[in-house]
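Asks:
Residue numbers (this note's numbering): 9 to 426.
(1) Thinking C-alpha only, which one of 424, 412 and 425 is nearest residue 25?
(2) Are the C-beta of residue 179 and some C-beta of chain B separated by less than 8 angstroms?
(3) Could you tell me how far apart the beta carbons of residue 285 and residue 323 are, in whole angstroms, since I believe they sit closer than 8 angstroms?
(4) For residue 179, is the classification buried or exposed, using 16 other Cβ atoms within 10 angstroms of its Cβ as the cut-off for buried?
(5) Once you ignore the five residues that flank residue 144 on each side, which residues in its own chain have a CB closer than 6 angstroms to its CB?
(6) Would you kindly check if the distance between the Cβ of residue 368 and the Cβ of residue 382 is under 8 angstroms?
(7) Could you spell out where the alpha helix (DSSP H) holding residue 32 opens and where it closes?
(8) With 16 other CB atoms within 10 Å as the buried threshold, where does residue 316 fall?
(9) Using the rule of at least 16 other Cβ atoms within 10 Å of the residue's Cβ for burial, across every protein chain shown, is residue 376 buried or exposed?
(10) By how many angstroms is the C-alpha of residue 320 removed from the C-alpha of residue 371?
(11) Shortest alpha-carbon distance to residue 16 belongs to which of 148, 44 and 365?
(12) Does the pairing of the region 109 to 121 with the region 51 to 71 give three or more beta-carbon distances under 8 angstroms?
(13) Taking only runs of the beta strand (DSSP E) that begin and end inside the region 127 to 172, which ones reach a length of at least 3 residues, in chain order?
(14) So what's residue 114 in DSSP terms, helix, strand or just coil?
(15) Give me, in chain order, the residues of the same chain whose beta-carbon lies closer than 6 angstroms to that of residue 271; leave out the 5 immediate sequence neighbours on both sides.
(16) Whose C-alpha, out of 391, 75, 318 and 32, is nearest the C-alpha of residue 300?
(17) Contact check, residue 2 vs residue 279 under 8 angstroms by CB: the rounded distance?
(18) What did DSSP end up calling residue 246 once you bin it into helix, strand or coil?
(19) By the three-class DSSP mapping on this structure, what secondary structure does residue 353 have?
(20) Applying the 10 Å Cβ sphere with the 16-neighbour rule, what's the burial state of residue 40?
(21) Here's a check: name, in chain order, each residue in its chain whose Cβ is nearer than 8 angstroms to the Cβ of residue 187, leaving out the five neighbours to either side.
(22) Use the C-beta contact count for residue 221: other C-beta atoms within 10 angstroms, 16 or more gives buried, fewer gives exposed.
(23) Can you give me the start and stop residues for the beta strand (DSSP E) that residue 404 sits inside?
(24) Using the rule of at least 16 other Cβ atoms within 10 Å of the residue's Cβ for burial, across every protein chain shown, is residue 62 buried or exposed?
(25) Give me the Cα-Cα distance between residue 88 and residue 29, rounded to the nearest whole angstrom.
(26) Using only CA atoms, which one of 245, 249 and 257 lies nearest to residue 239?
(27) Excluding the 5 residues flanking residue 54 on each side, which residues of the same chain have their C-beta closer than 6 angstroms to its C-beta?
(28) Ordered along the chain, which non-local residues of its own chain (more than five positions away) have a Cβ less than 6 angstroms from that of residue 152?
(29) Once you ignore the five residues that flank residue 207 on each side, which residues in its own chain have a CB closer than 7 angstroms to its CB?
(30) Under a three-way DSSP split, which group does residue 303 fall into?
(31) Who are residue 412's beta bridge partners in DSSP?
(32) So for residue 200, helix, strand or coil by DSSP?
(33) Go through its chain and collect everything with a Cβ distance to residue 306's Cβ below 7 angstroms, but skip five positions before and after it.
(34) Which runs of the alpha helix (DSSP H) spanning at least 4 residues fall entirely within the region 23 to 104, listed in chain order?
(35) If you run the structure through DSSP and keep just helix, strand and coil, what is residue 106?
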């Protein structure tokens, strides 16, 4: 784990004066810290219609007409999409890909950040994907998105295989969409497709397929389930297997189906299903009645219900605990294993588990300030801005990347100080 090599002993580092940056440039965009907090970067506009990027005290000399989608990889290298002389490309730590495109978007990094992919538009007005500087051999009238396998070696996209003629309204009732994997389109086409995902070994792909008007099912490697449904939500693969689970609408209501067969009782709604890392537990957001939202684990709903929103469940690394952000009576909070935190907030970001799974940290907003909250206790210090907290490998400390007094700080705090 990269986190083991981070500096967990230095309590505070002043990395950059962001207010000073703002005073030096026409514009400053996409302020982004590195994962370890040691660097902070942004797209800057030093002169009219000219952009470059700055990381800490270093400003790149080259200028571009447009830049966006600024990110860091785990090696603290800046990555950005850049446009110059009517061409888009990817810049990695001041090195630009040789490949150039009419358009590039959806900059995507693999979990280990070693692979980089983008959607591309060619001079022939076709679209595809470029992975690590190698573009798909086959392109399509439209490639609407980009999905990368967990190992970063493969890519997929929902693609349009036949162009639409102007004023041809009947085209929308024809099967013109499918999935392309590494540039190879599936043989069968559908009225629509979405929700594509890879198995954890990267060898299998599943997606929602609209096969007819008001008929939906799941396609896996281009083969449809043998049952159709009134609607489907995005599928997921069970870890370490090729089984696919998706929310489906039946005459009895919504349920989860595995490989086409219902495995839970029915609810008013089911979605955002997630497996524990070992695949032994399955959680999903469900509505038992209109306006009564909660989490169901292996088909059994929690006892607490919420009247506005329940977001995606997050499992602890050991799979024993589940944390979720909820909204009830216009206030956000966190629920862990069906226990609701007492504090409520204006906004809450995704929960982060400690490596042992015994602590949950979140970034929250309250009264215009941003705080770190751990296990329901809100930190004493409020900030102008925060990024998501990160636990140390032993779970006793938290990395705080924050804007305080117009300056960017990297701070390490003890969990006991919260």
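Don't be surprised by glycine CBs; every beta carbon is placed ideally from N, CA and C.
Replies: So, from the data block:
(1) 412
(2) In the structure shown, chain B does not exist; there is a single protein chain.
(3) 6 angstroms
(4) exposed
(5) 136, 137 and 191
(6) yes
(7) 26 to 32
(8) exposed
(9) exposed
(10) 16 angstroms
(11) 44
(12) no
(13) 135 to 139 and 163 to 168
(14) strand
(15) 264
(16) 318
(17) It is not possible to answer for residue 2, since the shown part of the chain is limited to 9 through 426.
(18) coil
(19) strand
(20) buried
(21) 164, 165, 166, 167, 193, 194, 201, 204, 213, 215, 227 and 230
(22) exposed
(23) Unbroken run through residue 404: none, as it is neither H nor E.
(24) buried
(25) 19 angstroms
(26) 257
(27) 33
(28) 166
(29) 245 and 250
(30) strand
(31) 415
(32) strand
(33) 289 and 290
(34) 26 to 32
(35) coil
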